[in-house]
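Novice:
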Amino acid sequence: MIGLCLGLAGTVWAQLPMPSFTLAWNHTIEKIRWEEDYRVTPAGLLLGEARVRGSGAGMEIPDGAVLRDGSWHYQRQLPALQPLRLGRTPEAGDYQLCNDNDCQPLSQWLGPPTASQPAVELWSCEVDAR
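Under this note's numbering, the first residue of the sequence shown is numbered 13, with each subsequent residue one higher.
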């Protein structure tokens with residue numbers, strides 16, 4: 013079964029049997045929520061719709077975005093990401109993985125962000141669905 017692997021440099025720290033997920037976080041300066049929907053495929057992670065609840069420093073609303081339900085909704089055409097690399101430090105707070113409207117911080121699977129391990133990668137992989 014295809015799923016999501018979390019780790020770094022090809023070392024798997026956690027495997028999650030999910031065909032899609034939303035990655036969410038708060039901008040470190042503006043404290044505005046961002047969300048990106050991904051589909052997990054054998055080729056990698058495909059970005060679908062993304063949303064941001066406002067603009068601010070370094071947060072320009074993309075061309076073609078539509079304001080709906082308090083968020084700007086938009087889509088970007090990107091190739092499959094394999095891996096998707098995320099900066100993860102104590103100062104920035106943690107990312108959330110959402111599946112079926114249930115959001116959990118990455119620390120649930122990886123422990124809290126640390127200065128000594130300031131990054132994590134997400135990629136599609138075969139997972140044991142037991």
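A virtual CB, placed ideally from N, CA and C, is assigned to each residue, including glycine.
Where does VAL78 land, buried or exposed, given buried means 16+ other C-beta within 10 angstroms?
Specialist: exposed
Novice: Are the region 106-124 and the region 79-92 touching, with three or more C-beta to C-beta distances below 8 Å?
Specialist: no
Novice: From which residue to which residue does the beta strand (DSSP E) around LEU79 run?
Specialist: 78-80
Novice: Whose C-alpha, out of GLN129, ALA55 and PRO74, is nearest the C-alpha of VAL64?
Specialist: PRO74
Novice: Please work out which residues of its chain come closer than 6 Å, Cβ to Cβ, to ALA55, disregarding the five sequence neighbours upstream and downstream, and give them in chain order.
Specialist: ALA92
Novice: So, at 6 Å on beta carbons, what are the nonlocal neighbours of GLN108 in its own chain, with the 5 sequence-adjacent residues on each side left out?
Specialist: ALA36, CYS115 and PRO117
Novice: Please list, in chain order, all residues of the same chain as PRO130 whose beta carbon is under 7 Å from its beta carbon, the five residues on each side excluded.
Specialist: GLY99, ARG100 and THR101
Novice: Measuring CA to CA, which of ASP112, GLU103, SER136 and CYS137 is closest to HIS39?
Specialist: GLU103
Novice: Among the candidates GLY22, GLY19, MET30 and THR23, whose CA atom is the shortest distance from the CA of VAL156?
Specialist: The requested residue 156 does not occur in the structure, where the chain is confined to residues 13 to 142.
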